[in-house]
Amino acid sequence: DQQVKQNSPSLSVQEGRISILNCDYTNSMFDYFLWYKKYPAEGPTFLISISSIKDKNEDGRFTVFLNKSAKHLSLHIVPSQPGDSAVYFCAASSGSGGSNYKLTFGKGTLLTVNP
Amino acid sequence: DVKVTQSSRYLVKRTGEKVFLECVQDMDHENMFWYRQDPGLGLRLIYFSYDVKMKEKGDIPEGYSVSREKKERFSLILESASTNQTSMYLCASSGRILDEQFFGPGTRLTVL
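Protein chains in written order, with the numbering used here: chain Y, 2 to 116; chain H, -2 to 109.
What follows is the structure, given as structure tokens:
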């Protein structure tokens, strides 16, 4: 049972435009969400996170939106740059600060930003 | 600067061999994790450890075991490697409070 779903395996956008990556989850116990970025032959690197008490978190060109009622989050990248081309993983956890340290990852979306 | 290192970037082994993958972190993190990444399947958790000598099964533990004798080191063991264990293996660590995990560069394992 896939608890974190990234339904678009790939996304292609033009440089300078907005990239929107989507993620849905089914477990209502998830209260902390993260986005990771992964280049080929490297480990994932943390990008941005959001707690369930917020509906938006912004860090430079990256903004994550959380819609708890729809169990949906999205990552916006504005403006997109060729160096943003990578696989983006959505991840979720429950019991933040408690005993559950596990992250559940989606399958990833390959973003390609064309010059 | 935080660091998670893995013993090998690339490894080629034969079916039936015993394989050790080592991971070391220098952040004094309590939690350590082993994942495998396969095309179309994302990151799947194999095992994790929340303290020295403690371990818990993840989503796909079959065919794997782990060892954590020291806080900074977490080993993944393939007792008898099989071709379906050909994959990218990623180690990660996190602190007690934060859920952000820091990943190593990965080990590309090929089992022939």
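Even for Gly, the Cβ is constructed at its ideal location relative to N, Cα and C.
Within the segment 12 to 44 of chain Y, the complete beta strand (DSSP E) runs of at least 3 residues fall at 20 to 26 and 33 to 39.
Straight-line spacing of the CA atoms in residue 111 of chain Y and residue 4 of chain Y works out to 19 Å.
Within the segment 21 to 46 of chain H, 28, 37, 38, 39, 40, 42 and 45 place their CB atoms closer than 7 Å to a CB of chain Y, listed in sequence order.
For residue 68 of chain Y, the pairing in a beta bridge is given by DSSP as Y:73.
Under the three-pair Cβ rule at 8 Å, the segment 51 to 61 of chain H counts as touching the segment 75 to 83 of chain H. Counting other Cβ atoms within 10 Å of its Cβ, residue 107 of chain H stays below 16 and is therefore classed as exposed.
If you ignore the 5 residues before and after residue 47 of chain Y, its C-beta comes within less than 7 Å of the C-beta of 35 and 37, all in its own chain and listed in chain order. Closest in C-alpha terms to residue 99 of chain H, from the list H:26, H:68 and H:37, comes H:26. Per the coordinates, the alpha-carbon of residue 15 of chain H lies some 27 Å from the alpha-carbon of residue 45 of chain Y. The beta carbon of residue 83 of chain Y does not come within 8 Å of any beta carbon belonging to chain H, so the residue lies off that interface. For residue 29 of chain H, the beta-bridge partners assigned by DSSP are H:46 and H:90.
Taking 8 Å as the cut-off, the Cβ atoms of residue 15 of chain Y and residue 115 of chain Y count as close. Excluding residues up to 5 positions away in sequence, 16, 78 and 108 lie with their Cβ nearer than 6 Å to the Cβ of residue 10 of chain H in the same chain. For residue 86 of chain H and residue 42 of chain Y, the gap between their C-alpha atoms comes out near 11 Å.
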